[in-house]
Amino acid sequence: MPTKWLKMGKFDFVGLCLVFLLSNGIGFVVSHGQTNELHIPQQALRTSYHFQPPKNWMNDPNGPMYYKGVYHLFHQYNPNGAVFNQKMVWAHSISLDLINWVHLNPALEPTHPFDINGCWSGSASFLPGNKPVILYTGIDSSFNQVQNLAIPANFSDPFLEKWTKFPNNPIISPPDHVLGDRFRDPTTAWRGPDGGWRVAIGGQTSDGGGAAMLYRSEDFIRWNLLRFPLYSSPDSGTWECPDFFPVLLNGTNGVDFSSGFGIGVKHVMKASFNSHDYYTLGSYAPEEEKFTPDSGSDFGFRGTNLGLRYDYGKFYASKTFYDSSQKRRILWGWVNESDSREDDIKKGWSGLQAVPRKIWLSKTGRQLIQWPVEEIKALRRNHFSLNHKELIGRSTMKVPGGSASQVDAEVSFEFPYLEEAERMDTRWVDPQLLCSERNASVNGRVGPFGLLVLASNDLSEQTAVFFHILKAHKRYVVLMCSDQSRSSFRNRVDKTTYGSFVDIDPRHEKISLRTLVDHSVVESFAGEGKTCITSRVYPTLAVDKDARLYAFNNGTQSVVISSLNVWNMSKAQINENQP
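Sequential numbering from 97 applies to the sequence shown in the numbering used here.
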């Protein structure tokens with residue numbers, strides 16, 4: 097959107113938004129026209145189509161919602177620098193398409209004794225009459241974490257520009273058995289069949305376990321702690337940013353909590369801890385105030401294997417919301433940096449949000465599926481494709497198209513020599529460790545094969561996203577890896593290799609991979625969204641016009657690229673009006 101339009105008054109802006117919607121159906125992205133030009137950021141490592149402010153520190157997504165035709169995203173933001181500061185504010189941006197965003201003034205800032213030391217994370221909920229409210233954690237004058245209520249100053253305003261804090265905040269204070277500085281991040285509240293409200297709050301109990309404490313209210317103001325938490329784990333430490341929501345047993349549509357009871361749904365309990373977002377699937381009995389994980393679904397956040405994750409790389413403090421306009425549930429997640437604090441200060445910015453993902457239950461009912469929202473396709477330009485291309489063992493294939501610093505690549509593989517796969521050692525139970533030991537440069541039989549992204553012309557710098565296929569008894573195991581070990585010549589950069597197993601039977605299915613590349617972030621989705629890995633990388637050679645994309649096979653057996661589709665991605669307009 098041209099800068100002069102961003103500076104117009106609110107009502108002029110609403111009118112322009114409506115014109116865009118009516119004439120194009122794709123919101124702000126109309127300003128891209130039909131140009132094939134790639135817009136390279138001034139700073140080579142800044143992203144072009146991922147949500148981030150132009151400067152300073154950002155972390156958790158907060159209170160995402162859809163209201164009166166407008167998408168809202170709030171997030172934790174330090175207005176005073178590129179490093180974490182306890183006195184966070186709720187930054188606020190709006191969009192018509194989830195891709196292009198306009199910055200508004202902060203919705204919440206530290207102003208009162210109940211939040212004077214920081215406005216921390218929380219969620220949006222809808223009261224009867226489709227009235228949005230915010231529950232958030234305030235750091236009070238004694239540095240305790242308390243829960244507060246904020247209400248729009250004008251429910252008729254689709255932009256929700258101004259918020260009013262409830263004068264009798266806090267409405268929930270830490271209970272005796274919970275540490276006062278470990279009690280935060282209220283979920284979206286839900287209303288049970290009895291008409292009462294519930295909300296879960298993350299924290300750590302005095303015995304060191306993590307929990308989602310469950311509260312009930314008749315009026316959304318006076319809340320009572322229930323005897324038992326919604327769910328807890330003795331092995332996880334503090335739970336941050338819990339999320340609890342229903343998913344349909346059949347189909348890819350989302351479901352609001354008002355319809356999320358009884359037959360035809362499961363429930364998802366998610367918690368953020370140990371630098372990852374873990375979730376379990378199960379059943380929720382509102383009359384018993386009880387969530388019960390499915391038997392064996394994910395080890396219930398207990399033991400050494402804490403279970404399923406949304407993402408096996410850099411992805412944390414996530415939050416979902418129900419998009420009533422498209423009948424889908426959307427997931428936002430914070431992607432932190434992997435360089436140093438000093439690097440962030442020098443850059444002047446830190447952190448971004450992953451591309452918003454649609455999320456639903458798999459056909460097996462054993463895991464969630466994630467996929468970039470459909471709107472991201474509006475940024476695609478300069479399509480390249482090929483089909484039925486054999487990749488012989490120990491070979492690479494350069495993908496045409498020039499710069500590959502911002503691309504959307506989809507590829508699927510077939511295996512004419514699957515029976516030649518190596519036998520899997522029964523001790524190989526940790527996929528991340530296995531990916532580190534058997535990285536992209538280690539020759540196997542059926543694998544490693546996949547994509548080399550943000551690669552230099554001589555391949556001395558590269559990020560490899562790849563698969564290994566291994567034999568295990570009478571079945572095959574598919575290992576997915578994202579190898580950052582050669583991603584940069586820079587020092588003081590975390591080059592962890594990430595990995596996970598993918599629930600695919602290669603005897604009957606092709607293995608698919610979709611990878612979104614955006615200068616310093618690589619988001620990969622395997623098996624049509626069954627397994628996701630997000631990486632932060634900081635190339636020194638493979639930058640802007642010098643970044644290349646390759647397909648590779650470092651196994652001894654040939655694999656076949658059944659299809660490959662690659663698009664350059666245009667620059668989205670994200671918070672360009674933010675000072």
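C-beta atoms are modelled at their ideal positions from N, C-alpha and C, and glycine is treated no differently. The structure presented is a predicted model; accordingly, all values stated were derived computationally and were not measured.
Spatial neighbours of residue i within its chain, please: C-beta separation below 6 Å, excluding the five flanking residues on both sides.
| i | result |
| --- | --- |
| Ile247 | Val229 and Thr260 |
| Asp579 | Asn535, Ala536, Ala560 and Thr593 |
| Arg541 | Glu516, Ala517, Glu518, Gly651, Thr652 and Gln653 |
| Cys628 | Asp407, Gln466 and Phe621 |
| His615 | Leu141, Thr143 and Ser501 |
| His372 | Arg405 |
| Phe109 | Residue confidence for Phe109 is low, a pLDDT of 46 falling below 50, so the modelled location carries little weight; the figure read from the coordinates is stated next. The answer is none, since no qualifying residue turns up. |
| Leu660 | Leu482 and Val507 |
| Asp625 | Contrary to the premise, residue 625 reads as Gly rather than Asp in this sequence. So the qualifying residues of the chain are Ile465, Gln466 and Trp467. |
| Gly543 | Phe563, His564, Ile565 and Gly651 |
| Gly121 | Because Gly121 carries a pLDDT of 36, less than 50, the predicted location of this residue cannot be relied on, and the following value inherits that uncertainty. If we look at Gly121 and ignore the five residues flanking it on each side, it has no Cβ neighbours. |
| Ala285 | Ser221, Trp293 and Val295 |
| Arg610 | Glu506 and Phe621 |
| His135 | Unreliable positioning characterises His135 in this predicted model, as indicated by a pLDDT of 38, which lies under 50. The coordinate reading is nonetheless provided below. Once the five neighbours on either side are set aside, the close Cβ partners of His135 are Lys667. |
Excluding the five sequence neighbours on either side, which residues of its own chain have a C-beta within less than 7 Å of the C-beta of residue i, listed in chain order?
| i | result |
| --- | --- |
| Ser676 | Because the chain here runs from 97 to 675, residue 676 falls outside it and cannot be looked at. |
| Thr283 | Ser219, Val295, Ala296, Pro338, Asp339 and Phe340 |
| Arg632 | Lys410, Val431, Glu433, Ser434, Ser616 and Val617 |
| Gln674 | Pro149, Pro150 and His199 |
| His273 | Thr301 and Ser302 |
| Gly177 | Asn152 and Trp153 |
| Gly444 | Lys151 and Ala178 |
Assuming residue i contacts residue j under a Cβ cut-off of 8 Å, what Cβ separation, rounded to an integer in Å, is found between them?
| i | j | result |
| --- | --- | --- |
| Gly305 | Ala367 | In fact, because the Cβ distance is near 11 Å, the residues do not count as touching under 8 Å. |
| Gln172 | Met184 | 5 Å |
| Pro209 | Ser237 | 5 Å |
| Arg312 | Gly291 | Not a contact, Cβ separation roughly 11 Å. |
| Phe262 | Asn244 | 7 Å |
| Gln182 | Asn213 | 6 Å |
| Ala568 | Gln558 | That pair is no contact at about 29 Å. |
| Pro635 | Ser556 | Their Cβ separation, rounded to whole angstroms, is 10 Å, which puts Pro635 and Ser556 out of contact at 8 Å. |
| Gly595 | Leu548 | Actually they are not in contact, since the Cβ atoms of Gly595 and Leu548 sit about 17 Å apart, beyond 8 Å. |
| Asp193 | Asn240 | With 8 Å as the limit, Asp193 and Asn240 do not qualify as a contact, their Cβ atoms being about 40 Å apart. |
Give every residue of the same chain whose Cβ lies closer than 8 Å to the Cβ of residue i, excluding the five residues on either side of it in the sequence, and list them in chain order.
| i | result |
| --- | --- |
| Arg523 | none |
| Pro602 | Phe511, Leu514, Ile565, Tyr572 and Val574 |
| Lys606 | Ser508, Phe509, Glu510 and Ser658 |
| Leu487 | Met493, Phe545, Ala647, Phe648, Asn649, Ser654, Val655, Val656 and Ile657 |
| Asn265 | His208, Phe210, Asp211, Gly234, Val242, Asn244 and Leu245 |
With DSSP as the reference, label residue i as helix, strand or coil.
| i | result |
| --- | --- |
| Gln502 | strand |
| Ile441 | helix |
| Pro266 | coil |
| Leu141 | coil |
| Ile195 | coil |
| Asp640 | helix |
| Ser355 | helix |
| Lys454 | strand |
| Lys151 | coil |
| Lys473 | helix |
| Arg632 | strand |
| Leu344 | strand |
| Met309 | strand |
| Val126 | Residue placement at Val126 is poorly supported in this model, since its pLDDT is 28, which falls under 50; the coordinates still yield a value, given next. It is helical. |
| Trp186 | strand |
| Glu336 | strand |
| Val617 | strand |
| Thr592 | coil |
| Ile136 | Confidence in Ile136 is poor, its pLDDT being 33 and thus under 50, which makes the residue's placement too unreliable to answer from. |
| Gln669 | coil |
| Arg610 | strand |
| Ser481 | strand |
| Ser119 | In this prediction, Ser119 has a pLDDT of 36, which is less than 50 and means its spatial position is unreliable; nothing more can be read from the coordinates. |
| Val495 | coil |
| Gln653 | coil |
| Leu599 | In the sequence as presented, Leu is not what sits at residue 599; that position holds Asp. Asp599 falls in the coil class under three-state DSSP. |
At least 3 beta-carbon pairs within less than 8 Å: the segment 466-479 vs the segment 640-659: no
In chain order, which continuous runs of the beta strand (DSSP E) of length 3 or greater are located wholly inside the segment 359-431? 361-369, 372-381, 386-389, 412-419 and 424-431
The segment 411-425 touching the segment 437-448, judged by at least three CB pairs closer than 8 Å: The way I'd put it, the segment 411-425 doesn't touch the segment 437-448; fewer than three beta-carbon pairs between them come closer than 8 Å.
Inter-stretch contact at 8 Å, needing at least 3 Cβ pairs: the segment 432-441 / the segment 320-336: no
Hey, which unbroken runs of the alpha helix (DSSP H) at 4 residues or more fall wholly within the segment 500-587? 527-533
If you scan the segment 243-297 from start to end, which runs of the beta strand (DSSP E) of 3 or more residues do you find wholly inside it? 259-261 and 274-280
Using 8 Å as the threshold, is the segment 343-356 in touch with the segment 315-331, meaning 3 or more CB pairs across them? no
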